[in-house]
Structures are given as C-alpha cells and as structure tokens.
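According to the working numbering, the sequence shown is numbered sequentially starting from 17.
For glycine and all other residues, C-beta sits at the position ideal for the given N, C-alpha and C.
Below is one structure; the comments refer to it alone.
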Amino acid sequence: MHTLLARANAVSAFSLSTLAALTFFCFASTFFINYSAPVSISAANIVLKNVPEYAVSREKNDLGALRFDLNTDLTPLFNWNTKQLFLYLTAEYQTQNNKVNQVVLWDKIIQRGEASVVKLKNQHLKYYFWDDGNGLLGHKNVSLYLSWNIIPIAGTLPTWSGTGVYKLAFPSEYTQGRSY
Numbered sequence: 017m018h019t020l021l022a023r024a025n026a027v028s029a030f031s032l033s034t035l036a037a038l039t040f041f042c043f044a045s046t047f048f049i050n051y052s053a054p055v056s057i058s059a060a061n062i063v064l065k066n067v068p069e070y071a072v073s074r075e076k077n078d079l080g081a082l083r084f085d086l087n088t089d090l091t092p093l094f095n096w097n098t099k100q101l102f103l104y105l106t107a108e109y110q111t112q113n114n115k116v117n118q119v120v121l122w123d124k125i126i127q128r129g130e131a132s133v134v135k136l137k138n139q140h141l142k143y144y145f146w147d148d149g150n151g152l153l154g155h156k157n158v159s160l161y162l163s164w165n166i167i168p169i170a171g172t173l174p175t176w177s178g179t180g181v182y183k184l185a186f187p188s189e190y191t192q193g194r195s196y
C-alpha cells in the first residue's frame, strides 16, 4: 500500500496545516482589541543649544534637552497573545524646512510578566533631540506623545499611541555654558 515515508509525510502535512489554521484563529481572536491607554506626560528644564553636529557636517544645529515625567498603566494591553511592548516617547513638530519632524527621545521594552505600570519622574532623555537646522529656537508647538508596538506571539505588529499629548515650547534664545 503506502510506504512508511508516505504516511509520515501525510501526517506531518496535516499537522502543519492544522497548526497554521489554529495559529490564524488565535491571531484573529486578538486582532480587533483596542490597545490604547491613557498617558500623562509633562516636561521641565527645557534647554536649547546651538552646537555643531560632527556626525553629519560641521554646521551648527539645534540641540534640545529636557526632563520629563511619564505615568501610564499598560496592564490592560497584555493578553495571551502579547509577548512584549516596545514603548517610545516621540517629539513631533513642524518647521519651515520640513512639514513633519519626528524625533524619538526615549524607549523601553516591557516583557510579559514585568511591571507594566510606568511611572517616571524627572527622567533624562535617552537619545539626543537634534533638529536639522535652527527650527527649535522659539518653537512654541512641539508635541510629546508615547507610542508602542505590541510584539505578538502570532500575528501582525501593530503600532498604537497613548491618549495624552504634552505640548511644550522651546526658549527664544540659546542657553550658554553648561546647563542641564
């Protein structure tokens, strides 16, 4: 009749098809969940300097610095299909040179089982807040917001933003000397 190899092939093909269908149904069970959460952001100690950026050129660009407070409870975002969360704090603003400027200032990974309530006080930026010119000087409408990628066990990689934005204003003159 059928050889042992043909029977093993049929069993493994059926098993693989069944596992693929089950994985899809598991992914579909969490696809329509709303993964937004309230976020409270505030900033202080806003400093602006005009310094040369040696990585790209020797032109002087704006370098912003600030400290921020961040409070959010991300516990409801975890379900059986959430492996981890990748959080990132973004600054978004508009200048004459660019319609949209987005700068990632801070990030964090929260694994399943770790504390998912984030309470940061007087936190330094993790990454430099560079502008490709002098667009931050006197800028009054820079938005800070927290977003996250949900790293699933099975399925797509959705990006969500928190419901809470903080608007900050940069000083109208550069800070001299060491300050921060």
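Task: Residue burial classification, A59 (beta-carbon count within 10 angstroms, cutoff 16) - done: buried
TODO: Would you kindly work out how many angstroms separate the C-alpha atoms of T46 and S177, rounded to a whole number?
DONE: 18 Å
Task: Secondary structure of A52, DSSP reduced to three states - done: The question names Ala, but residue 52 in the sequence shown is Ser. Three-state DSSP puts S52 in coil, outside helix and strand.
TODO: Could you round the C-beta distance between L105 and W164 to whole angstroms and report it? I think they count as a contact, below 8 Å.
DONE: About 10 Å; that fails the 8 Å criterion.
Task: For V120 and F41, the rounded distance between their alpha carbons - done: Each residue's Cα considered, the two are about 35 Å apart.
Task: Whole-angstrom C-beta distance between S132 and G154, which should lie under 8 Å - done: About 38 Å; that fails the 8 Å criterion.
Open item on the list: For K124 and D78, I'd like the C-alpha separation in whole angstroms.
Closed with: Going by the C-alpha atoms only, they are around 25 Å apart.
Open item on the list: Mapping the DSSP letters down to three states, classify T179 as helix, strand or coil.
Closed with: In the three-state scheme derived from DSSP, where H, G and I count as helix and E and B as strand, T179 is classed as strand.
Open item on the list: Buried or exposed for L64, going by 16 or more other Cβ atoms inside 10 Å?
Closed with: buried
TODO: Pull up the DSSP beta-bridge partners for I62, would you.
DONE: According to DSSP, I62 bridges with nothing at all.
TODO: Determine the burial state of G151: buried for a count of at least 16 other Cβ atoms within 10 Å of its Cβ, exposed for fewer.
DONE: Buried: at least 16 other Cβ atoms inside 10 Å.
Task: Sub-9 Å separation of N87 and S56 beta-carbons - done: yes
TODO: Take Y144 and list the residues in its own chain whose beta-carbon comes closer than 8 Å to its own, dropping the five residues that flank it on each side.
DONE: L79
Task: Residues that W122 bridges to, as DSSP identifies them - done: Answer is L105.
- [ ] Sort I62, K99, W122 by Cα distance to I169 and report the nearest one.
- [x] With distances taken between Cα atoms, I169 lies closest to K99.
Task: Rounded Cβ spacing between A107 and V181 (contact assumed at less than 8 Å) - done: 11 Å between Cβ atoms; not a contact.
Open item on the list: I'd like to confirm something about G80: is its beta-carbon nearer than 8 Å to some heavy atom of the ligand ADP, or not?
Closed with: The ligand ADP is absent from the structure shown, which contains no ligands of any kind.
- [ ] Return the Cβ separation of S212 and T175 in integer angstroms, given the expectation that the two are a contact with Cβ distance under 8 Å.
- [x] Not covered by the structure: residue 212. The range shown for the chain is 17 to 196.
Task: Classification of F30 by the beta-carbon crowding that lies within 10 angstroms, buried from 16 upward - done: exposed
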